[in-house]
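Visitor:
2 protein chains.
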Amino acid sequence: MSYSYPDDASIPSEPLSRDEFEAAIRAVGAERYHDKHPFHKMLHGGELSKEQVQAWALNRYCYQTAVPRKDAALMSRVHDNDLRREWMHRVVDHDGLDRETGGIERWLVLTDGLGLDRNYVTSMRGALPATRFAVEAYVRYVREEPLVVAVASSLTELFAPKIHKERIAGMLENYEFIDESVMTYFKRRLTQAPRDADFALEYIKQNARNRIEQEACVDAVRFKCNVLWAQLDALHHAYVCGHIPPGAFRPGEMNG
Amino acid sequence: MSYSYPDDASIPSEPLSRDEFEAAIRAVGAERYHDKHPFHKMLHGGELSKEQVQAWALNRYCYQTAVPRKDAALMSRVHDNDLRREWMHRVVDHDGLDRETGGIERWLVLTDGLGLDRNYVTSMRGALPATRFAVEAYVRYVREEPLVVAVASSLTELFAPKIHKERIAGMLENYEFIDESVMTYFKRRLTQAPRDADFALEYIKQNARNRIEQEACVDAVRFKCNVLWAQLDALHHAYVCGHIPPGAFRPGEMNG
Numbered sequence: 302m303s304y305s306y307p308d309d310a311s312i313p314s315e316p317l318s319r320d321e322f323e324a325a326i327r328a329v330g331a332e333r334y335h336d337k338h339p340f341h342k343m344l345h346g347g348e349l350s351k352e353q354v355q356a357w358a359l360n361r362y363c364y365q366t367a368v369p370r371k372d373a374a375l376m377s378r379v380h381d382n383d384l385r386r387e388w389m390h391r392v393v394d395h396d397g398l399d400r401e402t403g404g405i406e407r408w409l410v411l412t413d414g415l416g417l418d419r420n421y422v423t424s425m426r427g428a429l430p431a432t433r434f435a436v437e438a439y440v441r442y443v444r445e446e447p448l449v450v451a452v453a454s455s456l457t458e459l460f461a462p463k464i465h466k467e468r469i470a471g472m473l474e475n476y477e478f479i480d481e482s483v484m485t486y487f488k489r490r491l492t493q494a495p496r497d498a499d500f501a502l503e504y505i506k507q508n509a510r511n512r513i514e515q516e517a518c519v520d521a522v523r524f525k526c527n528v529l530w531a532q533l534d535a536l537h538h539a540y541v542c543g544h545i546p547p548g549a550f551r552p553g554e555m556n557g
Numbered sequence: 302m303s304y305s306y307p308d309d310a311s312i313p314s315e316p317l318s319r320d321e322f323e324a325a326i327r328a329v330g331a332e333r334y335h336d337k338h339p340f341h342k343m344l345h346g347g348e349l350s351k352e353q354v355q356a357w358a359l360n361r362y363c364y365q366t367a368v369p370r371k372d373a374a375l376m377s378r379v380h381d382n383d384l385r386r387e388w389m390h391r392v393v394d395h396d397g398l399d400r401e402t403g404g405i406e407r408w409l410v411l412t413d414g415l416g417l418d419r420n421y422v423t424s425m426r427g428a429l430p431a432t433r434f435a436v437e438a439y440v441r442y443v444r445e446e447p448l449v450v451a452v453a454s455s456l457t458e459l460f461a462p463k464i465h466k467e468r469i470a471g472m473l474e475n476y477e478f479i480d481e482s483v484m485t486y487f488k489r490r491l492t493q494a495p496r497d498a499d500f501a502l503e504y505i506k507q508n509a510r511n512r513i514e515q516e517a518c519v520d521a522v523r524f525k526c527n528v529l530w531a532q533l534d535a536l537h538h539a540y541v542c543g544h545i546p547p548g549a550f551r552p553g554e555m556n557g
């Protein structure tokens, strides 16, 4: 089943110019990227307890560890060697290669720094089911949707450097349990994300062949924003509103 | 990726008896079936506004319409004609056959009765992304997990008649906008669910061949409870706590 396509009948036949297309993609970020989410604001503003930051970090691990799977799923569909080689950078950035560690290891440095047990984090036993559902929806989307749409879903990276800069500054300033060493993940993403986003943006400009495909690409960014937003909604509901679902991480208890 | 199996190393090698196996399945319901969820209690207790019941009904539509897809996905994997024929009942119960309408149509009678536009409901445009993610996780699970585990995931039906009886009585008593005619869906499920559950329970008793498979079946019921719980969490967060995500149904506004 696809739920990426908007209602085709409502789409004008005239294609968007390159600039209009990019502006439509960027407008989605302005409307619903997760920097607008109340949990994000609490995280950066120092309003969370260490236990709430732990909950965020161990849930977000599910997303981090799914990213190279979704990128490999995309590569598995690509017959163009150059596109695959370019996309491989993303997998290496997250998984590492040879002696170079990747983003997932850097994320575990953060969860270590927060005092979480590595086996508990990587088992994902304490993660919210809603987190897993959202993350796996993203993997499925990239595996099954048309290739140009799958590429477009990565374009939330256009909006990421701003959020990462805010995160580094806000978290270092506001939490005594956060120091420079555990923020390496975000610092590295400041250079990785823009390179990847520029490539993907150019790719969809060249490969979305008509207005329907262009709108499907815009909708892919909307979908991806939903994936990110739903994760913060689940965290907010469980760990700010206090409705922790059965089986999920409970701050202060022995979890393992 | 599978996330159904518990850690095999922790499972004793002795298989459970038929009765112990059934008791382990039923214990999951006692622990985390969604009749324990605060939103469920509000729904049945008459504590919701008509708009909140609308939000529940249009989100739950996503689940209803996914159920025959997940059952068809299961049938598509089955080489045993008798099992497929038995399972076909479920698809017919939801989709209808010939002149007989099915559960999805009966669900739309409920959303009609709540004053929702049918095209809006069936488009699922106003549904919460978290609802879609949870529901599609269930379809994927049934498509990809071992067959006996996929069958086991249906076993929340063991716990359904109680919730449906409560729902019929509670909603009729507590909401002036609910009458007998719109509750037909639940009345029909009172007879359908136990028949299906009895069959599936007998199937897994006969086909889970060792303790590891038995525990995977118990975990499948846990997974399915998470699918149901996450849907109510998302509704609760959006429509009780008031954190409606971008693009979702907004009570009182023109949605469509």
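If you read the protein sequences in the order shown, they are chains A and B. With the numbering used here applied, the first sequence covers 302 to 557. With the numbering used here applied, the second sequence covers 302 to 557. A virtual CB, placed ideally from N, CA and C, is assigned to each residue, including glycine. These numbers come from a predicted model, not from an experiment.
#1: Specify the secondary structure class of residue 323/A as computed by DSSP and reduced to three states.
#2: Roughly how many whole angstroms lie between the Cα atoms of residue 524/B and residue 365/A?
#3: Rounded to a whole number of angstroms, what is the C-alpha to C-alpha distance between residue 510/B and residue 323/B?
#4: In the region 498 to 530 of chain B, which residues sit with their C-beta less than 7 Å from some C-beta in chain A, listed in chain order?
#5: With a cut-off of 8 Å on the beta carbons, I'd call residue 550/A and residue 434/B a contact; round off their distance for me.
#6: With H, G and I counted as helix, E and B as strand and the rest as coil, what does DSSP make of residue 398/B?
#7: Going residue by residue through the region 440 to 501 of chain A, where are the continuous alpha helix (DSSP H) segments of at least 4 residues, counting only ones entirely within it?
#8: Any Cβ of chain B within less than 8 Å of the Cβ of residue 345/A?
#9: So is residue 606/A buried or exposed if we call it buried at 16+ other beta carbons inside 10 Å?
#10: Closest to residue 430/A by C-alpha separation, out of 533/B, 313/B, 316/B, 542/B, would be which residue?
#11: Hey, is residue 335/B's beta-carbon within less than 8 Å of any beta-carbon in chain A?
#12: Going by beta-carbon coordinates alone, are residue 360/B and residue 536/B separated by less than 8 Å?
#13: Using the Cα positions of residue 391/B and residue 329/A, report the straight-line distance between them to the nearest angstrom.
#14: Confirm, please, whether the CB-CB distance from residue 514/A to residue 449/A is below 8 Å.
#15: List the residues of chain B whose Cβ lies closer than 8 Å to the Cβ of residue 534/A, in chain order.
#16: I'd like to know if the region 464 to 479 of chain B and the region 335 to 352 of chain B are in contact, where contact means that at least 3 CB-CB pairs between them fall below 8 Å.
#17: How big is the Cα-Cα spacing for residue 340/B and residue 494/B?
#18: Alpha carbon to alpha carbon, what distance is there between residue 355/B and residue 416/B?
#19: Determine, for residue 339/A, whether the minimum Cβ-Cβ distance to residues of chain B falls below 8 Å.
#20: Considering Cα atoms alone, identify which of 358/A, 490/A, 376/A is closest to residue 540/A.
#21: What number of angstroms, rounded off, separates the C-alpha of residue 404/A from the C-alpha of residue 394/A?
#22: Report yes if the C-beta distance between residue 455/B and residue 501/B is below 8 Å; otherwise report no.
#23: Rounded to whole angstroms, how far is the Cβ of residue 412/B from the Cβ of residue 362/B, which I believe are closer than 8 Å?
#24: Residue 371/B and residue 440/B: beta carbons closer than 8 Å?
#25: CA-CA distance, residue 396/B and residue 373/B?
#26: Report the rounded CA-to-CA distance for residue 553/B versus residue 547/B, giving the unit in angstroms.
#27: Please list the partners that residue 332/B has in chain A, where partner means a Cβ-to-Cβ separation under 7 Å.
#28: With distances taken from CA atoms, which of 497/A, 476/A, 446/A is nearest residue 461/A?
#29: Quick one: grab the DSSP three-state call for residue 511/B.
#30: Go ahead and pull the three-state DSSP assignment for residue 524/B.
#31: Candidates 317/A, 353/A, 320/A, 368/A: which alpha carbon is nearest residue 443/A's?
#32: In chain order, what residues of the same chain lie with their CB nearer than 6 Å to the CB of residue 312/B, ignoring the 5 residues before and after it?
#33: Give me, in chain order, the residues of the same chain whose beta-carbon lies closer than 8 Å to that of residue 378/B; leave out the 5 immediate sequence neighbours on both sides.
#34: Does residue 317/A have its Cβ less than 8 Å from a Cβ in chain B?
Guide: The answer reads as follows:
#1: helix
#2: 22 Å
#3: 14 Å
#4: 527, 530
#5: At roughly 19 Å, the Cβ-Cβ gap does not stay under 8 Å, so residue 550/A and residue 434/B are not in contact.
#6: strand
#7: 448 to 453, 461 to 475
#8: no
#9: Here chain A comprises residues numbered 302 to 557, so residue 606/A is not present and cannot be evaluated.
#10: 533/B
#11: no
#12: yes
#13: 40 Å
#14: yes
#15: 431, 535, 538, 539, 544, 546
#16: yes
#17: 22 Å
#18: 8 Å
#19: yes
#20: 358/A
#21: 6 Å
#22: yes
#23: 6 Å
#24: yes
#25: 11 Å
#26: 16 Å
#27: 547
#28: 497/A
#29: coil
#30: helix
#31: 368/A
#32: 512, 513, 516
#33: 444, 448, 451
#34: no
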